[in-house]
Amino acid sequence: MRKGGGPVVGEARQCSKQHCCRFRDLTHAGTYVVDDRGRIIDVSPRAEHLLRRSAAELLGRDAHDALHRGRGGEPLPRSLCDMRQPLLEGVTASGEDAWLERGDGSLMQISWMVTPCGTEGDGGANALVIFYETGSSEPGEWVRTQAPTTMTELDRLALLAETTTTLTSSLDSDETIRHLVRLVVPLLADWVVIDLLTEEGEVVRNTVVHHENGVLTHREDLERLMPPLSMESPMPLSRALRGVTATLVGPEHYQGPPDSGIAVAQRELFEATGIHSACIAPIRGVRDVVGAMTLGRAGQPHPFSTNDLLLVEDIARRAGLALDNARLYERQRRVAETMQRHLLPRLPSVPGLEMGACYLPAPRASQVGGDWYDAFVLSGETTGLVIGDVVGHDLDAASGMAQVCNMLRAYAGELEEPPSAVMERLDQAVVRMAEATMATAVFARAERSGDGWRLRWTNAGHPPPLLIEENGRTRYLEEASSMLLGTGFAPARKDAVVELPPRSTLLFYTDGLIESPTHSLDDGLDRLREEAAALTRHPLSTYCDRLLSRVRPADNDDDVAMLTLRVPG
Numbered sequence: 005m006r007k008g009g010g011p012v013v014g015e016a017r018q019c020s021k022q023h024c025c026r027f028r029d030l031t032h033a034g035t036y037v038v039d040d041r042g043r044i045i046d047v048s049p050r051a052e053h054l055l056r057r058s059a060a061e062l063l064g065r066d067a068h069d070a071l072h073r074g075r076g077g078e079p080l081p082r083s084l085c086d087m088r089q090p091l092l093e094g095v096t097a098s099g100e101d102a103w104l105e106r107g108d109g110s111l112m113q114i115s116w117m118v119t120p121c122g123t124e125g126d127g128g129a130n131a132l133v134i135f136y137e138t139g140s141s142e143p144g145e146w147v148r149t150q151a152p153t154t155m156t157e158l159d160r161l162a163l164l165a166e167t168t169t170t171l172t173s174s175l176d177s178d179e180t181i182r183h184l185v186r187l188v189v190p191l192l193a194d195w196v197v198i199d200l201l202t203e204e205g206e207v208v209r210n211t212v213v214h215h216e217n218g219v220l221t222h223r224e225d226l227e228r229l230m231p232p233l234s235m236e237s238p239m240p241l242s243r244a245l246r247g248v249t250a251t252l253v254g255p256e257h258y259q260g261p262p263d264s265g266i267a268v269a270q271r272e273l274f275e276a277t278g279i280h281s282a283c284i285a286p287i288r289g290v291r292d293v294v295g296a297m298t299l300g301r302a303g304q305p306h307p308f309s310t311n312d313l314l315l316v317e318d319i320a321r322r323a324g325l326a327l328d329n330a331r332l333y334e335r336q337r338r339v340a341e342t343m344q345r346h347l348l349p350r351l352p353s354v355p356g357l358e359m360g361a362c363y364l365p366a367p368r369a370s371q372v373g374g375d376w377y378d379a380f381v382l383s384g385e386t387t388g389l390v391i392g393d394v395v396g397h398d399l400d401a402a403s404g405m406a407q408v409c410n411m412l413r414a415y416a417g418e419l420e421e422p423p424s425a426v427m428e429r430l431d432q433a434v435v436r437m438a439e440a441t442m443a444t445a446v447f448a449r450a451e452r453s454g455d456g457w458r459l460r461w462t463n464a465g466h467p468p469p470l471l472i473e474e475n476g477r478t479r480y481l482e483e484a485s486s487m488l489l490g491t492g493f494a495p496a497r498k499d500a501v502v503e504l505p506p507r508s509t510l511l512f513y514t515d516g517l518i519e520s521p522t523h524s525l526d527d528g529l530d531r532l533r534e535e536a537a538a539l540t541r542h543p544l545s546t547y548c549d550r551l552l553s554r555v556r557p558a559d560n561d562d563d564v565a566m567l568t569l570r571v572p573g
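Per the working numbering, the very first residue in the sequence shown carries number 5; after that it's consecutive.
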């Protein structure tokens, strides 16, 4: 299928006969394709006609949020949507009596079929949706019959189950809030406001989102630092931020003289949004109140009921547990990252050499790692160079990294020994550590050689250093490689030596720069070789950053350490 075009005939033929029997004449069927995240990536002209929406209005949007509705036109919980199940399972399925919302607000009853399909280069994770119109309602008809307060008990349980599953799927606070917004808007309200309490006790209006015409819009003009929280104010938001029970609220609550700055901000919120009915519920963590959630209705005519309030309070409670866990995780991560950064050294100033280094923590969804670099001056115009990676992604890995780094520096400076002998002594020490630790490392010595420099090194299971000459020629230093540290096997280690040409660059790096779950290691090494050669004339002050932006795979969740050495002309 092509963007804005009709279905490719070959794709339609992939459908099994048992499902296609009701779709004999595809010329009357609307079709669209969704990717593995449920986003619409292709739309046929017939689908545009049936849905009364252009392809530009649909492409990139979540198909369920944009189109799928209940019989009364109400937003449909994902857990109750029959059309989503085959998308999740990657199977072919069909059904009757589903409803899609058109661009003019009317409903269209359809027969449908969903089947896996592949378009060139997408890995086959997409799905083709074919639908026929079997009935319709006039624009606005469903609005008169819709009653937001008439969710069945089954619907409520399904929404709460989906809330728990969705919110606990991430340990990132911002992502958790984005999930929360998509769960409650527009199903329960057309406005959602999230106020959060910081660790310093300040109140931040973190999120203000409005749903209108099928689009979620962030009102950044209303997102700001709030006035201080009053511990005596009886107003609804102040009470919710102190952990008091949820409350039904309207603009009339803020018509009198305000008793605090937060009350003033709330009155401005109601005036700016046109909310006529709202629920305000505390977001409670395990130990403390995390914040408050306000759901507001401006475009929806029905006010919130007591039953709605109970449901909103339950959703906010689940959100509080998820946000509390995310904050605890992020706090632990900050401690580990701070410790790790402080353990990384400042590079020494060595006459006749230029050095640069950088460290990039893993993405926020991952734990802290054990990558490190080191450089230190030894006797006899010799400089020690180290790159290493302790196995693991937690505080133990960061702690192990600190111990291994310090022991290596001590052994290297104690005696005039070749790198292999230093690495053998380090290996024995790592085996004796109280906590089982394994690590990869390259230890090298940059030594004066007449008017130039040479490198003597040994490699304990680490990715090979890359030597880039001034003319762009590259070479991976793959000699002197042996087993990683801490295995207990005590292998015999060797040294290798190479002359460093004038104006050459030597790159040490950890595997986070080249590894990817979707590409081979050879692909990563080839890409690093090409980009490192292309950037060889850039100053070392920008060399590492440019390499990171060009080489590091987007789907790599590991941290990265890099150390560069350049021999001037």
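Heads up, the beta-carbon is just placed ideally off N, CA and C, and yes, glycines get one too.
Computed from a prediction, not measured in an experiment: that's the story for all the values here.
Residues bridged to residue i [DSSP beta-bridge criterion]
| i | result |
| --- | --- |
| Q336 | Its beta-bridge partners do not exist; DSSP assigns none. |
| H523 | S520 |
| N130 | C121 |
| A450 | T387, L459 |
| G374 | V394 |
| V290 | Paired residues: none, contrary to the question. |
| E3 | The structure shown does not extend to residue 3, since the chain spans only 5 to 573, so no value can be given for it. |
| P79 | R73 |
| V213 | V196, H222 |
| Q407 | Per DSSP, none; premise fails for Q407. |
CB-CB length for residue i against residue j, believed under 8 Å
| i | j | result |
| --- | --- | --- |
| H105 | L71 | Looking at the sequence provided, one finds Glu at residue 105 rather than His. Confirmed, about 6 Å. |
| D375 | D559 | Contact doesn't hold; Cβ gap of about 18 Å is too wide. |
| I287 | A323 | 5 Å |
| A131 | V37 | 7 Å |
| L245 | A193 | No, L245 and A193 are not in contact; Cβ-Cβ is about 19 Å, not under 8 Å. |
| S545 | G360 | 7 Å |
| T1 | A330 | Only positions 5 to 573 of the chain appear in this structure, which leaves residue 1 out of reach. |
| L327 | V294 | 5 Å |
| H222 | V189 | Wrong, their Cβ atoms sit about 12 Å apart, outside the cutoff. |
| T169 | L187 | That pair is no contact at about 10 Å. |
| L489 | A443 | 5 Å |
| V434 | V408 | 6 Å |
Contact check, residue i vs residue j, beta carbons under 9 Å
| i | j | result |
| --- | --- | --- |
| R196 | L299 | According to the sequence provided, residue 196 is Val. The question's Arg does not apply to it. Cβ distance < 9 Å, so V196 and L299 count as in contact. |
| L382 | G356 | no |
| A162 | P81 | yes |
| S403 | E439 | yes |
| N210 | I198 | yes |
| P468 | S486 | no |
| T310 | D393 | no |
| V395 | T441 | yes |
| L471 | A445 | no |
| Y363 | M566 | yes |
| P423 | F380 | no |
| E473 | G573 | no |
| A60 | F135 | no |
| V268 | L233 | no |
| L569 | F512 | yes |
| Y415 | R429 | yes |
| G64 | I45 | yes |
Segment limits, alpha helix (DSSP H) that includes residue i
| i | result |
| --- | --- |
| S545 | 544–555 |
| I266 | 265–277 |
| D432 | Position check: residue 432 holds Gln in this sequence, whereas Asp was assumed. Residues 423–435. |
| A244 | 240–245 |
| S177 | 177–188 |
| T169 | 157–171 |
| E385 | Unbroken run through E385: none, as it is neither H nor E. |
Limits of the unbroken beta strand (DSSP E) element including residue i
| i | result |
| --- | --- |
| D86 | Where D86 is concerned, there is no enclosing beta strand (DSSP E), given that its DSSP letter is neither H nor E. |
| E581 | Summary: the structure shown does not reach residue 581, with the chain confined to residues 5 through 573, and so no result is reported for it. |
| R50 | Here R50 belongs to no beta strand (DSSP E); instead the alpha helix (DSSP H) covers 49–55. |
| A59 | Premise fails: A59 lies in the alpha helix (DSSP H), 59–62, not in any beta strand (DSSP E). |
| E474 | Segment: none, E474 is in no beta strand (DSSP E) and carries neither H nor E. |
| L348 | Here L348 belongs to no beta strand (DSSP E), and DSSP marks it neither H nor E. |
| G465 | No beta strand (DSSP E) holds G465; DSSP gives it neither H nor E. |
| G34 | 34–38 |
| V502 | 500–504 |
| G360 | 358–364 |
| V564 | 564–570 |
Original post:
Between the stretch 171–183 and the stretch 261–272, are three or more C-beta pairs nearer than 8 Å?
Top reply: Result no; under three Cβ-Cβ pairs closer than 8 Å.
Original post:
Between the stretch 464–480 and the stretch 531–545, are three or more C-beta pairs nearer than 8 Å?
Top reply: Yes, since at least three Cβ pairs between the stretch 464–480 and the stretch 531–545 fall closer than 8 Å, the two stretches touch.
Original post:
Per the contact definition of three or more C-beta pairs closer than 8 Å, is the stretch 519–529 in contact with the stretch 492–510?
Top reply: Contact annotation: the stretch 492–510 does not touch the stretch 519–529, with fewer than three C-beta pairs closer than 8 Å.
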